[in-house]
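Please read the structure below before turning to the comments.
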Amino acid sequence: MEFARALFASGHVVDLVLVVLAAEFVWLVIRGNRAMDVGLGLGAAVLMMLALRGALTGAPWPWIALPLVLSFPLHLADLGRRGMLRRHRA
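Taking the working numbering, the leading residue of the sequence shown gets 27, the next gets one more, and so forth.
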């Protein structure tokens, strides 16, 4: 239990998640996906993880807010790339 508490208090749990996201990026690109497409797909998650790390470690609020704010346009770019922002017609 102490190990988990230390992992979260130090923010290192986020480091582990970032390693997994990096491995996923490499795996998807090796399997033939375009790096830009994968980057847009995972970019918002990376930014949110950075915000979480800041929150867990007591960073000043701008260091938490900035990656959260930046994740939204990246998410919208990913949705646009996948054609999910188009209006559906009945």
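For every residue, glycine included, the Cβ atom is placed at its ideal position computed from N, Cα and C.
- Message: Please report the distance separating the alpha-carbon of TRP87 from that of HIS101.
- Response: For the pair TRP87 and HIS101, the Cα-to-Cα distance works out to about 22 Å.
- Check whether the region 67-80 touches the region 92-112, taking contact to mean three or more Cβ pairs, one atom from each stretch, closer than 8 Å. yes
- Item | Among GLY37, PHE29, ARG108, nearest to THR83 - alpha-carbon criterion | GLY37
- Item | Residue environment, ALA77, which counts as buried when at least 16 other CB atoms sit within 10 Å | buried
- Message: Let me confirm a value: GLY109 is counted as buried when at least 16 other C-beta atoms fall within 10 Å, else exposed. Which label applies?
- Response: Per the 10 Å Cβ criterion, exposed.
- Please go through the same chain and pick out, in chain order, the residues whose beta-carbon is closer than 6 Å to the beta-carbon of LEU54, but skip the five residues on each side of it. VAL64
- Item | VAL95 burial status per 10 Å Cβ neighbour count (16 or more: buried) | exposed
- Where ARG60 falls, given that 16 or more other Cβ within 10 Å makes a residue buried: So ARG60 counts as exposed.
- Message: Whole angstroms are fine: how far does the CA of LEU44 sit from the CA of SER97?
- Response: 15 Å
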